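These notes concern the structure reproduced below.
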Amino acid sequence: MKEIKAIIQPFMLLKVIAALRKIEGLPGITISETKGFGKSGGKKGIADGGIFEFVTKNKIEVVVPDFLADLVIDTIQKNAHTGNPGDGKIFVTEVVNVIKIRTNERGEIAI
């Protein structure tokens with residue numbers, strides 16, 4: 360299993376979600392609004408007495424069976440791409456186990 364996290368531009372979110380919903384077998388996704396900074400800079404904010412540049416982004420998180428990982432990654436990359444700085448990043452990690460709290464199912468069946 361793979362966990363895929365993508366940090367994308369907020370204005371690309373609906374396009375990415377629409378494309379992901381077309382993937383048969385996709386177990387679901389989690390979306391959150393996040394703020395951070397990178398090479399592209401961002402809006403000024405204050406934290407711990409200092410002034411920092413923050414950019415608002417959306418984070419998409421999904422755990423999928425290995426056979427779906429490349430399709431999900433390609434779908435996000437294709438639909439989040441503008442060619443401009445700040446398009447975002449995709450992170451992929453191995454998932455050792457998943458436990459569904461309600462049923463105590465474990466492994467891929469719990470996704």
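To get this note's numbering, take the position in the sequence shown, counting from 1, and add 359.
Idealized CB from N, CA, C, for every residue including glycine.
Since the model is a prediction, treat every value here as computed from it, not as a measurement.
Please work out which residues of its chain come closer than 8 Å, Cβ to Cβ, to residue i, disregarding the five sequence neighbours upstream and downstream, and give them in chain order.
{"i": "I382", "result": "L427, L430, V431 and T434"}
Please work out which residues of its chain come closer than 7 Å, Cβ to Cβ, to residue i, disregarding the five sequence neighbours upstream and downstream, and give them in chain order.
{"i": "G447", "result": "A365, I366, I367, Q368, K416 and A439"}
{"i": "N456", "result": "R465 and G466"}
{"i": "E392", "result": "T415 and N417"}
Taking residue i as part of the beta strand (DSSP E), name the residues at either end of that continuous run.
{"i": "F450", "result": "G447 to E453"}
{"i": "K361", "result": "K361 to I367"}
Can you have a look at residue i and say buried or exposed, based on whether 16 or more other CB atoms are within 10 angstroms of its CB?
{"i": "V375", "result": "buried"}
{"i": "L379", "result": "buried"}
Is any heavy atom of the ligand SAM found at a distance shorter than 7 Å from the C-beta of residue i?
{"i": "I363", "result": "This structure lacks the ligand SAM; in fact it carries no ligand of any kind."}
If you follow the alpha helix (DSSP H) that residue i is part of, which residue opens it and which one closes it?
{"i": "K374", "result": "L372 to R380"}
{"i": "K398", "result": "That residue, K398, is in no alpha helix (DSSP H); it is neither H nor E in DSSP."}
{"i": "L427", "result": "D425 to A439"}
Just confirm the distance between the C-beta atoms of residue i and residue j, as a whole number of angstroms; I'd bet it's less than 8 Å.
{"i": "V423", "j": "M360", "result": "7 Å"}
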